[in-house]
Structures are given as structure tokens and as C-alpha cells.
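Take a look at the structure below.
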Amino acid sequence: MEFSAEALEGLHLSGDSAHIPDQSYINLCKRVCEGVLHKNGVKRLEGDKQLSSLDQGVVKQTYAALATLVLEAAKHDADSNTISAVLEDCKYNTERIKAFNNTYLPQKPYLQLILGNTGTNPPHIVDVDWRLDYYIKNNHLEKVNEAVYLISLKTEECGFEGTKSIDFACTVEQLQDMVGKLKDACKSLERSSQM
Amino acid sequence: MEEVDKIIVHTLKGIGCDVEDVQSLVQFSTELIIEATVRCLKMIDPQTDLPMTLPPAMAARFRLGTSLASAITELGYKGELGYQTFLYSNEADIRRVLMFLIEKLPRGSEESTEEILGGSAVLYRSIASELSKRLSSPWTPPQCKNKGVVWRGSPPTWHREGCSSVRAFRSAHLSSPHGLGDLTKKIPKDVKTYYTKHMPYILTQPVHRDDLAASILENNATYLTAQHEWDQEWNQLGLASRLTKEEYLAKKRDRLQKRIKDNIKESVKLKENAQKTPQDLNDIINSISERSGLQGKTKGSRFTHAEKLQFTQDVPGSQMTVDPTANTEEELKAKREEEIEKLQEQLERIATDFENLDIEIRKFTASSQQMEEIIATEATKNKEKETVYKVKKRTLDLLPDADNNIAKLQSVVDTSAQRLVSLANQWEKHRVPLVEKYREMKALNENRESEAEKKLEEIKAFREKMKDVAADARTKEDIYKQLVTEYERMTKDVNRSAYTRRIMEIVSNIKKQKQEIDKILIDTKSIQKDINQLSGKLDRTFTVTDELIFRDAKKDEAVRKAYKYLAALHENCDILIKTVEETGFVMREIRDLEDQIDIETNKKVLDNLDKITADYKQMKKENAHLLAKLKGK
């Protein structure tokens, strides 16, 4: 976990009780997590009376630095020890480190979720609808008498709300073939989970 | 034996035997023994196909016992083994068999390989555990999930079962105030007001809110890489150039600016060359006018002129509409058109005139510039000629009184030569110390340079060392972390420490026992020594007295009697000693026999005999039953 000089300067600043008093510091930590996680974080930040009484430039700088710290820590899955080491280097006292950890650690999975939202994925099958039709005849043949499965795979795609569907029809053999392949895939997953 | 039993019971618990309330092997029933043995065999060789429970029929029981015995002897068990070991068990045999099986369990080898694998193994294991967790969790329909994410357990952990919330990585540049913590640096007032009043929070800086995390991480990474690059450059080039940081930066900036300037100049020159060919110029203008939709009007200047003229012309046109002499609209229109044509012609004429005049003006300015240049060159030529003329005039003036003047000139030349010589002497005087000083300085400078170079080398070495040490520290930290995770995993299995503690206890017990044995040995040795000494003494005193009395015995009857008594006494004492030794032997034998009896009673012979007779009876019954069945058929 490394930080740029700018971020480190901001961290030094936020650890300094001359610039940010203890109570405002706790509020600031909360607002940072909220700001990164929730959409209305900005409003809460602007409405915070504790913070609006401080020098806004300092608040902005420390806010940027703490946001960087929070996200980098979530990226590296840092535990309280690693964070304490970083903050001790920035001359935080133990109470401030504890306050930061108390705000950050419960939010870590949510932050990691936010980070996990970044990327690209192939379409992902999440559901399936199926129907079994009995195909009796057509205009060429008087007698067909086959079972036909209509499968509709529901997929989710990146950056697209709701599901799309992939529809196809298959005979029993084809369906069995597909199910066999899926079972193979499941088995290989199980095998790799038992390492 | 209790320790061993505890270890055996613990291990059996580990492989899934139901031995919760059992403390020692004495309490093991036949069923339990069979189950434990079969489980161990299955752990060692998963293909073992034996039932865990005792079958009810006697014959099947014996078959199971013999197959168990053969399986264990196949594994390499050296002792005596048969069906009776399992069915009519005694403690010692079972202990030996179970100890052998537990030693053979495959657990140890796995642990050792895991420890070697290290970091990647930890990663693989966490992946495997995550996979198994997800495999065991049930499927949830997409409507029940919040954007394809499932939260489970407490503390909540999530995993993705879809990708509707995933977005591509898009980052925006973020800016935040900096330098506010450092009071030594002054920040301009307007910058400060910008920081406090107008600069937006970084939350609102990216266009889309979801890009915030990506932007922040990207920002940090870019600054970091820039810093690293600068460090590297400074280490490699900056230190070697022997400039301060600011100077080096200024130099680099100058170099870059110069390069940019050169590039711009070059491209401008290229463009100018291209513009000089009129074909290209026309093309460009045409393309521009086509784009702006103003076809036909090729020149912007002309277009603006035309517009102006049209506008001024419009005003009288509007006045004319008021004119009462114009009767019909058609006339008016014709008139107007005529007028417009006229004006158009006029306009075109004026425009061409204007253009011509423009070209002429340009020509004149060009010629005037040329003229000025010519004038300047002529003026310089004039000056040169004037100086030449002056010199010639002086020489001409001097010509009439040639001899005198020559002499004068000669004297002037001589004095100047003398002066030159004296000056040269003086210069020499000054020069020598200066040259020496210069040399000294040079040497000093060289020294200093070499020192500086040395120091530079040192600095480089130090930097490299620093890097190495930092890298070392990092790797060590990684190893430490890994070991910590491994340790956390290890502590779960308590029996390891319990084992070691027990082993240590056993070892210390053995040590104590050994010491005691040694003591006893020493005691026996000393006693043996005493005995030897005493018997030696006895022998010697006996021979001495024997000789003394034997000498006197020839002379005196009473002494002869005494001699006889002495011999008898000696014999009797010998017999006594022998008896004592024999009693010792017998005692030892008795003790041995008692031990053997104990062992035999431990073997539960009576119980087993009872069991065997019961089994024998049952077998007989079964046989009779079978016979009856056979006969019945």
C-alpha cells in the first residue's frame, strides 16, 4: 500500500489536531466513508456543521487524502494492523487510529463491493425459463411427434439494468448433452474447491 | 500407558470414531475396536472395503477378524496377529495395533507439503474455500438480489451472482488543494480563496458518480508513478549532473522548451512553404468557404465589403418605396432590379479597383523596403571609403618631408618596440605567479572533483543499499504476514501442542527413571564391591587362622579340636551364604511369576475364555440349526 506525496500530506494534515479537532475528525471519517459509498454523501458533507466551521481548504484536502486511504486500504484488503502502521507514519495518535479503524472496518466489505463493481464481464447467466412442447406435424410431414424443449437463458450484462434472454430450442439429446456439460463444469468446480 | 492411550483416543476422535466418554483402552469394547481399526484402515487406504459394525453371525465375525488381521499385516505389522486379537482382545495387543495404525495415518505428509508451498498455497486455499462456500449456498432468483450481489452471514460477506452493477473502468482527473499543511510555503491569496470558496469537493468532480473510486485510485497511482520515475531519473541522471534539484529541473525545462520551440518553428516553416504555392491557398479557401456554405464569394474581405455596400444601398431603397411616382409594383420591381444591377456593377468595379490598389500598395511597400536596404548598404560603403581616404591623405601629407618623417616614425617605432619589450617583461613577472596559482587551483579543483565523484558513488551505493533494504523489509513483511496467517490456521489444531507437551513430559519422566536406575546400579555395584571385599577378607583371615591353628594342632589336642571346629564353622558359613543366595533367586523367581500372573490376568483370559465358550456354544447351536434345516429339506 503506497501513497503519493499529496495524499500523505493530506493524511498528515488530518492527523494534526491543530487543523482538525478530534470531534470533527471523527465526523470527517464518517463523511468520507459515506461520500464514497452513498449518493447523498455530498449533501451530508455540506450540511455537516462541525466541518463547515473549519477551514474549507483543509477540509477538502484532508477529505481527498482520507478517501484515497479508505479506497487503497479496501483495495489491499488491509487489516487494522497495516492501517495503524500507515497512520503511525503520518503521526496519528492511537485514539485517532482507533477512531478511523472503528469507522472504516465495518464499511470494508461495502467499499470492496464498490471496487468490485469496476471492470468488464461477459454476460452472466442468472436464471432460466423452459418449456416442453410436443411437435406433432407440419405442412410437409403428417407425423413428426417429437418433444422439443424451449430454453430461455436469462443473462445480466455489464452496465445494463434487468436481464436479457437468450432463446433456443433443442431436442432431448441436445438438452442431455448440455446438461452433461454443465455437470462436468460443476464437478470441475467442486474439484478445485477441494484443494 | 495413560499418555499413549490419551493420544490414541484423541487421534481416533479426529478421524470420526465415537469415543467421547472413553479414557483408556481398557474401556474399549469389541465393537469399538473393530470400528476404530476399520476407520484407520480406510484413512490409510480409501479403497478398503470392510464393514464398520460387527455382523451378528458368528462365522461372519471370524471372517471379519481374519480379514482385518491380514489387511494390517499387509501394511507391514510385525507382531503376532489373528482374528482373536480383535474378537478376544487384550489391552496390550490392541494398543500395539492401534499405535501402528495411527503412525501409518497419512496426515503428516500433507502438512509438510503445505508448509513448503507458501504464498501461492495460501491463495489457492482461500480460493478453494470461497468456491466451496459458494457451491454450498443455494441459488437465489435475480429478483431477490440487489444488483446481482448476495449478502450472507454475519459479519456480512458478499459475492456476485450476476454483473448488472459492473461498470467499465473510467477515470476523471481530480484536483484537491495541496500545500496547506506546510506553513513555510506561502500560497497566493487568490489561490487560497479558490480553495476555500470555489473548488468543488472531489466527490462532485467526476461527471458520473460511479467513476469516483476509479478516479481516486487512478489519481493516486499516477502521482505515485510520477514520483517513482522522478526518483529514478534523479538517481541516474540528476546526481551525475551535479546540480541542485531546482537547477536540474530548470535545465530540463529549458531543454524541453527549446525542443518545443524548434518543433513549432519547423512546422511553421513547412506550412509557410506550403502556402507559397497559390494552388494550395485557393484549395484551402475553397474548402473553407464550402464548409461555411458561402459558395461564389471566395474572399472574406470582399464578402464583408459587399455586405456593407448592400446595407447602405438598402436604406435609399426603402426610401424609394415611399416615392409617389412609382405607380405599379412591377415597375418598381424592374426599377429596383435595374438599380441593383447597376449597383452590383459599380460594386464590382470598386472592388476590383480596391484590389488593384491593394496590390500596388504592397508592391510599393516592398520596393521601399528594398530601397532602404540599398541605402543602408551604400552608407556602410561610404564610411569605409572615408576611412581609406583619411589614411591616404595623411600619407600624402607626410610625403614632401620624407626623410625627417621617416626618422620620426622610426623613433616612434623604436620607442613603441621598447615599451613592448618592457611590457612583456612586466607581463612575465606577473604571469609566473598567476600561472602557478592557476595550476594550484586546477589541482585543487581536480581533487575536489574526484572527491565529489567518490561521494557521488557513495551516495549511489547508499541509495542502492536503501532500495535493497527496503525491498528486503517488504519481502520480510510479506513472509511475516504469510507466517502469521499460517500460524493462525495452525493454532486451531490443538493436539499438536498437546502432543509436544506430552512428549516433553514423557521424555522428562524417562530421564528421571534413568537417573533412578543409574542410582540403583551404583548402589548394587558398591554392595557388590563390599561383598567382594568382605569375602576376600574372610578368605584371608581364614587361611591365616587355619595356618596358625594347624601349626599348633600337631602339638596340642585341644587346639586340634579347635581346628576341627573352625573347619566345621567355615563349611557351615559357606552353606549359609549359599542358602541366602538361593533364597534371593527364589524371591526373584517369585516376583517374575507374580508379574507373569498379572500380565495373564490383564489379558482377560478368563473373560475371553467365557466369551470363547459362549461363542463356541452359539456356533454349535448355529451348526445344529443349519443341520436341522438341511435335514428338514
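As given, the protein sequences belong to chains A and B, one line each in that order. For my numbering, count along the first sequence from 1 and bump the result up by 519. For my numbering, count along the second sequence from 1 and bump the result up by 5. Backbone N, C-alpha and C define an ideal beta-carbon position, used for all residues, glycine too.
If we ignore side chains and look at the alpha-carbon of each, how far apart do residue i and residue j end up?
i              : j              : result
A219 (chain B) : T227 (chain B) : 12 Å
E680 (chain A) : M204 (chain B) : 34 Å
E36 (chain B)  : D603 (chain B) : 26 Å
R556 (chain B) : V585 (chain B) : 33 Å
V31 (chain B)  : E8 (chain B)   : 13 Å
R175 (chain B) : N225 (chain B) : 15 Å
D652 (chain A) : C149 (chain B) : 29 Å
E676 (chain A) : N640 (chain A) : 7 Å
K276 (chain B) : K270 (chain B) : 10 Å
V589 (chain A) : P540 (chain A) : 20 Å
T249 (chain B) : A592 (chain A) : 36 Å
I132 (chain B) : E491 (chain B) : 15 Å
R479 (chain B) : F467 (chain B) : 18 Å
E234 (chain B) : L208 (chain B) : 29 Å
T382 (chain B) : T400 (chain B) : 28 Å
K347 (chain B) : R341 (chain B) : 10 Å
Y629 (chain A) : P193 (chain B) : 40 Å
Y394 (chain B) : R453 (chain B) : 59 Å
G566 (chain A) : A586 (chain A) : 18 Å
Using a Cβ-Cβ cut-off of 8 Å (strictly less than) and excluding sequence neighbours within five positions of residue i, which residues of its own chain qualify?
i              : result
K659 (chain B) : What the structure shows of chain B is the stretch from 6 to 638, and residue 659 (chain B) is not part of that stretch, so it cannot be assessed.
A76 (chain B)  : L46, T53 and L55
V561 (chain A) : G554
T674 (chain A) : P642, H643, I644, V645, T682, K683, S684 and I685
V24 (chain B)  : V14, L17, K18, L37 and A41
K190 (chain B) : G184
W649 (chain A) : Y668, L669, I670 and S671
P405 (chain B) : none
L564 (chain A) : R550, E553, G554, L570 and Y582
What first and last residue would you give for the beta strand (DSSP E) that runs through residue i?
i              : result
S684 (chain A) : K683 to C689
W156 (chain B) : V154 to R157
T674 (chain A) : E665 to E675
L651 (chain A) : H643 to Y654
R165 (chain B) : T162 to R165
So the alpha helix (DSSP H) residue i belongs to, where does it begin and stop?
i              : result
K549 (chain A) : D541 to L556
W235 (chain B) : L217 to E238
D98 (chain B)  : E96 to K109
D195 (chain B) : K194 to T198
K662 (chain A) : First-last for K662 (chain A): undefined, no H or E at that position.
Q375 (chain B) : E334 to L403
A2 (chain B)   : There is no way to answer for residue 2 (chain B), as the model of chain B reaches only from 6 to 638.
F590 (chain B) : E562 to N607
R563 (chain A) : G560 to G566
R44 (chain B)  : T35 to I49
N600 (chain A) : S599 to D608
K625 (chain B) : V610 to G637
K579 (chain A) : Q575 to K594
For residue i, which residues in the same chain have their Cβ closer than 6 Å to its Cβ, ignoring the five residues on either side in sequence?
i              : result
V647 (chain A) : L672
W163 (chain B) : V154 and W156
D236 (chain B) : none
G70 (chain B)  : Y88, F91 and L92
Y654 (chain A) : V663, E665 and V667
Can you list, in chain order, the residues of its chain with a C-beta nearer than 7 Å to that of residue i? Leave out the 5 residues immediately preceding and following it.
i              : result
N620 (chain A) : S599 and I602
F547 (chain B) : H575
K627 (chain A) : A593
R101 (chain B) : G84
G624 (chain B) : Reading off the sequence shown, one finds Met at residue 624 (chain B), where the question assumed Gly. These residues qualify, in order along the chain: M63.
I554 (chain B) : V564, A567, Y568 and L571
A410 (chain B) : The sequence as given places Asn at residue 410 (chain B); Ala does not occur at that position. Contacts found: L403.
Tell me, which residues are paired with residue i by DSSP?
i              : result
N151 (chain B) : B:V154
R172 (chain B) : A:T637
Of all the CB atoms in chain E, is at least one closer than 7 Å to the CB of residue i?
i             : result
S29 (chain B) : Among the protein chains in the structure shown, which are A and B, there is no chain E.
>> Closer than 8 Å is the cut-off here; do at least three beta carbon pairs connect the region 542 to 557 of chain A with the region 574 to 590 of chain A?
In response: yes
> Is the region 500 to 513 of chain B close to the region 142 to 152 of chain B, with three or more CB pairs under 8 Å?
Replying inline: no
> Do three or more CB pairs link the region 8 to 28 of chain B to the region 689 to 700 of chain A at distances below 8 Å?
Replying inline: The region 8 to 28 of chain B and the region 689 to 700 of chain A do not touch, with fewer than 3 CB-CB distances between them shorter than 8 Å.
>> Does the region 77 to 97 of chain B come into contact with the region 599 to 616 of chain B, if we say contact requires no fewer than three beta-carbon pairs (one atom in each stretch) closer than 8 Å?
In response: yes
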